[in-house]
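Asker: Top line first, the protein sequences correspond to chains A and B.
Take the first sequence: its letter number 96 is residue 96 in this note's numbering, and every next letter is one higher.
One gets this note's numbering by counting positions in the second sequence from 1 and adding 115 to each.
Please see the structure below; I have some questions.
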Amino acid sequence: EPEVTQTPSHQVTQMGQEVILRCVPISNHLYFYWYRQILGQKVEFLVSFYNNEISEKSEIFDDQFSVERPDGSNFTLKIRSTKLEDSAMYFCASSAPSGIYNEQFFGPGTRLTVL
Amino acid sequence: AQKITQTQPGMFVQEKEAVTLDCTYDTSDPSYGLFWYKQPSSGEMIFLIYQGSYDQQNATEGRYSLNFQKARKSANLVISASQLGDSAMYFCAMREGDKIIFGKGTRLHILP
């Protein structure tokens, strides 16, 4: 069964460093998403991406964040200068043609720890 | 205002019993979708079940069923014959535009 994959599973970085979280969505999906979950809290939407551009983003997704689909398979989230409060689990998700009835398939997550 | 409300932060249930996890939602859109996800201690998000606002019947997937009461805006998850492996965090969620909005979750503990 096709699945979303994410690398690395755990990333530790120093405050102020740049990190890139990588995702490989399901191959025939067209919509891509990033969510984050701070430890013990609910999952929060960050950004959605379609047709090589951001379609929606949350207040959390400020200028420190960017997303890219550098090739036909990868979808990346970059945090330019990490802060302590960026420590969280980051989930990538993808879906087939968007719409109310299309579920989003989540990857296993990358746990980011900022020291 | 919260869009998804899960009022049970934690629940303890005896193995083999049925369990109902509560969820209420708020939306003014006539067309929407509701989801339940399971998050075990390993952290991944596992899709369990989906209910569309126009679906005539309650969704079922194996031991999972969704008790959808549209007028009350509730979408409770029912797990029949609970198993030890059901111990996890459960999130109710709603599709809004391109994004999914999650509730705060219910931590379910299945007791042997």
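Here a beta-carbon is modelled for each residue, glycine too, at the ideal position from N, C-alpha and C.
Buried or exposed: where does A:R25 fall if 16 or more other Cβ atoms within 10 Å of its Cβ makes it buried?
Answerer: Per the sequence shown, the amino acid found at residue 25 of chain A is Pro instead of Arg. With 16 or more other Cβ atoms within 10 Å, it is buried.
Asker: Expressed to the nearest angstrom, what Euclidean distance is found between the alpha-carbon atoms of A:I54 and A:V67?
Answerer: The straight-line gap from Cα to Cα measures roughly 8 Å.
Asker: List the residues of chain B whose Cβ lies closer than 9 Å to the Cβ of A:P108, in chain order.
Answerer: Near A:P108 (Cβ distances below 9 Å), the residues of chain B are S157, G158, E159, M160.
Asker: Quick one: is A:T82 buried, meaning 16 or more other Cβ sit within 10 Å of its Cβ, or exposed?
Answerer: A:T82 is buried by the Cβ-count criterion.
Asker: Does A:F75 get closer than 9 Å to chain B when you measure Cβ to Cβ?
Answerer: Not an interface residue.
Asker: Among A:P2, A:Q6, A:P108, A:M15, whose alpha-carbon lies nearest the alpha-carbon of A:L84?
Answerer: Closest by alpha carbon: A:M15.
Asker: For A:H29, does the count of other Cβ atoms within 10 angstroms reach 16, so buried, or fall short, so exposed?
Answerer: Buried is the call here.
Asker: In angstroms, rounded to a whole number, what distance separates the CA positions of B:Y169 and A:L21?
Answerer: Each residue's alpha carbon lies about 37 Å from the other.
Asker: Find the residues of chain B that neighbour A:F91, judging by a C-beta separation of less than 8 Å, and give them in chain order.
Answerer: Here the neighbours are M160.
Asker: Ignoring anything shorter than 4 residues, give me the alpha helix (DSSP H) runs that lie fully in the region 60-89 of chain A, in order along the chain.
Answerer: Here no run is fully enclosed.
Asker: Using the beta-carbon of each residue, which ones in chain A are nearer than 7 Å to B:Y165?
Answerer: Within chain A, the residues near B:Y165 are E103.
Asker: Is the shortest distance between the beta-carbon of B:D213 and the beta-carbons of chain A less than 9 Å?
Answerer: Answer yes: the Cβ-Cβ gap between B:D213 and chain A drops below 9 Å somewhere.
Asker: Quick one: list the residues of chain A neighbouring B:F150, beta-carbon separation under 8 Å, in chain order.
Answerer: The answer, in chain order, is E103.
Asker: Residues of chain A with a CB under 9 Å from the CB of B:G125: which are they?
Answerer: Under the 9 Å cutoff, chain A gives no residues; its nearest Cβ is about 12 Å from B:G125.
Asker: So A:V4 packs on A:A96, CB below 8 Å; how close in whole Å?
Answerer: At roughly 12 Å, the Cβ-Cβ gap does not stay under 8 Å, so A:V4 and A:A96 are not in contact.
Asker: When you compare the CB positions of A:V43 and B:M160, do they come within less than 9 Å of one another, or not?
Answerer: Result yes, Cβ atoms of A:V43 and B:M160 sit closer than 9 Å.
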